[in-house]
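Encoded structure:
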């Protein structure tokens, strides 16, 4: 394995990690209270860049990452709330507003966000889990075919990564030749529910990414604010995101600081792009649930599928507990990890980049039968670092 810097880790298309030790963090629970659903619809294109430098003399191109980081969306929502509470739109919030909005630490006090998730019309869409392989039909408009699920192997492997390791293997023995991770597609609610139930969805449950949004390149040039002229190396390019009609971002909020059904404009993402935020009271994210399977020899097998970037504080390790989840991790299927940072608008400085499990990552867990109710309560909750900001949203399913 290549050497990594402190705080970094990596994964392949279907990765397993060796045993090790790391710390625990409880799942985020803001407590009972009012629950609202926020729906954000852009008025124009949106721009969500990654954490690479974009200063003069650095790379002249900045692509957009979509869906955006939970922190980006939460920051836009909290800024809109702050304006309603009297913030003029510049300078610090003041202690009273800061307290109403949960503070500015890693954990928000008394308020919790979940999401964002993608929605088309009134139907939520979900990332395709990394345990699903398929063949490309040859046309980008046709859904993947010959789908095949991965599951933890029954035998325990011994290798340089550790002892008693389970590897992801195909559920059938007809091979994986020609099959690869399903990319560029999203799942409907019904299709995702089949995934949680241990089944394989049909092609009609896949939604092409290109039908949900498209990238729009933009060219710009830097001007000197004092002279109004340009200079050498001032040309730059960005890639914006334009959502298709009816496509929006949705986020659930527990214990929001403002009550009522509010519809406000918000500044979302880079270049001060705007979106319209609708608030629906007593509503939550529509994440389908399935019954947990029967216990085998007193053990429950379940999956935790990651829906928003998850930072567990360290690399997941097979055979060890996973923070916030009962039992022990058997194995995992993960796309390439994402690195997220952000901008601290209070301290006016960038935040450090940290690796996160990408949406679509699958954690195969095994727990004691006595943990059944605790496992059920984990569905549609957030775990890991910055859980109250919407990071680490998971859905609970089963594996056989």
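In the working numbering, the protein residues as written are 3 to 402.
Backbone N, C-alpha and C define an ideal beta-carbon position, used for all residues, glycine too.
Quantities reported herein were computed from a predicted structural model and do not represent experimental measurements.
**Report entry** Buried/exposed call for residue 195, threshold 16 Cβ in 10 Å
**Finding:** For the purposes of this step, residue 195 is identified with residue 193 of the chain shown, where counting begins at 1. That one is buried.
Query raised in the report: Using 8 Å as the Cβ pair cut-off and three pairs as the minimum, do the region 254 to 264 and the region 229 to 240 touch?
Result: no
**Report entry** Residues near residue 147 in its chain [Cβ-Cβ closer than 7 Å; skip 5 each side]
**Finding:** Here residue 147 is taken as the residue at index 145 of the chain shown, counted from 1. Same-chain partners within the cutoff: 136, 137, 139 and 205.
Query - Backbone CA spacing between residue 89 and residue 353 [nearest angstrom] - result: For the purposes of this step, residue 89 is taken as residue 87 along the chain shown, with counting starting at 1. For the purposes of this step, residue 353 is taken as residue 351 along the chain shown, with counting starting at 1. The alpha-carbon atoms of residue 89 and residue 353 are separated by roughly 23 Å.
Query raised in the report: Contact check, residue 320 vs residue 305 under 8 Å by CB: the rounded distance?
Result: Within the chain shown, numbered from 1, the residue matching residue 320 stands at position 318. Within the chain shown, numbered from 1, the residue matching residue 305 stands at position 303. Actually they do not touch by this definition, with Cβ atoms about 14 Å apart.
Query raised in the report: Alpha carbon to alpha carbon, what distance is there between residue 113 and residue 2?
Result: Since the first residue of the chain shown is 3 and the last is 402, residue 2 is not available in this structure.
Query - Chain-order list of residues whose beta-carbon lies under 8 Å from that of residue 392 (same chain, five-residue window excluded) - result: Indexing the chain shown from 1 puts residue 392 at position 390. Same-chain partners within the cutoff: 72, 73, 75, 76, 115, 116, 117, 118, 253, 310 and 384.
Query raised in the report: By the 10 Å Cβ neighbour count, where 16 or more other Cβ atoms means buried, how is residue 396 classified, buried or exposed?
Result: For the purposes of this step, residue 396 is taken as residue 394 along the chain shown, with counting starting at 1. That one is buried.
Query raised in the report: Helix, strand or coil for residue 341 per DSSP?
Result: As a first step, residue 341 must be located in the chain shown, where it is residue number 339. DSSP, reduced to helix, strand and coil, places residue 341 within a strand of the structure shown.
Report task. Mind listing, in chain order, the continuous beta strand (DSSP E) runs of no fewer than 3 residues lying wholly within the region 146 to 187? Result -> 147 to 154, 159 to 161, 164 to 167 and 170 to 172
Query raised in the report: Distance, Cα to Cα, residue 313 vs residue 174?
Result: On the chain shown, residue 313 is found 311 positions in, with the first residue counted as 1. On the chain shown, residue 174 is found 172 positions in, with the first residue counted as 1. Answer to the nearest angstrom: the Cα atoms are 32 Å apart.
Query raised in the report: Are at least three pairs of beta-carbons, each pair with one atom in the region 279 to 286 and one in the region 369 to 379, less than 8 Å apart?
Result: Taking 8 Å as the limit for Cβ pairs, the verdict is that the region 369 to 379 does not touch the region 279 to 286.
Query raised in the report: In the DSSP assignment, what are the bridge partners of residue 143?
Result: If you number the chain shown from 1, residue 143 lands on position 141. In the DSSP assignment, residue 143 forms no beta bridge with any residue.
Query raised in the report: Relative to the ligand SAM, is the shortest distance from any of its heavy atoms to the C-beta of residue 275 smaller than 8 Å?
Result: Among the components modelled here there is no ligand, and therefore nothing to report on the ligand SAM.
Report task. Taking residue 364 and residue 131 to be in contact with their CB atoms under 8 Å, please state how far apart those CB atoms are, rounded to whole angstroms. Result -> Here residue 364 corresponds to residue number 362 of the chain shown, with the count starting at 1. Here residue 131 corresponds to residue number 129 of the chain shown, with the count starting at 1. Yes, residue 364 and residue 131 are in contact; Cβ-Cβ is about 5 Å, under 8 Å.
Query raised in the report: Does the beta-carbon of residue 168 have 16 or more other beta-carbons within 10 angstroms, so that it is buried, or is it exposed?
Result: One-based indexing of the chain shown puts residue 168 at position 166. Buried: at least 16 other Cβ atoms inside 10 Å.
**Report entry** Sufficient close CB pairs (3 or more, under 8 Å) joining the region 209 to 220 to the region 120 to 128
**Finding:** yes
Report task. Could you check if residue 256 is buried or exposed, using at least 16 other CB atoms within 10 Å of its CB as the buried criterion? Result -> Residue mapping note: residue 256 aligns to position 254 of the chain shown, counting from 1. Per the 10 Å Cβ criterion, buried.
Requested in this report: Identify, in the order they occur along the chain, each residue of the same chain with its Cβ nearer than 6 Å to the Cβ of residue 295, setting aside the five sequence neighbours on each side.
Outcome: For the purposes of this step, residue 295 is taken as residue 293 along the chain shown, with counting starting at 1. Closer than 6 Å at Cβ, skipping near neighbours: 400.
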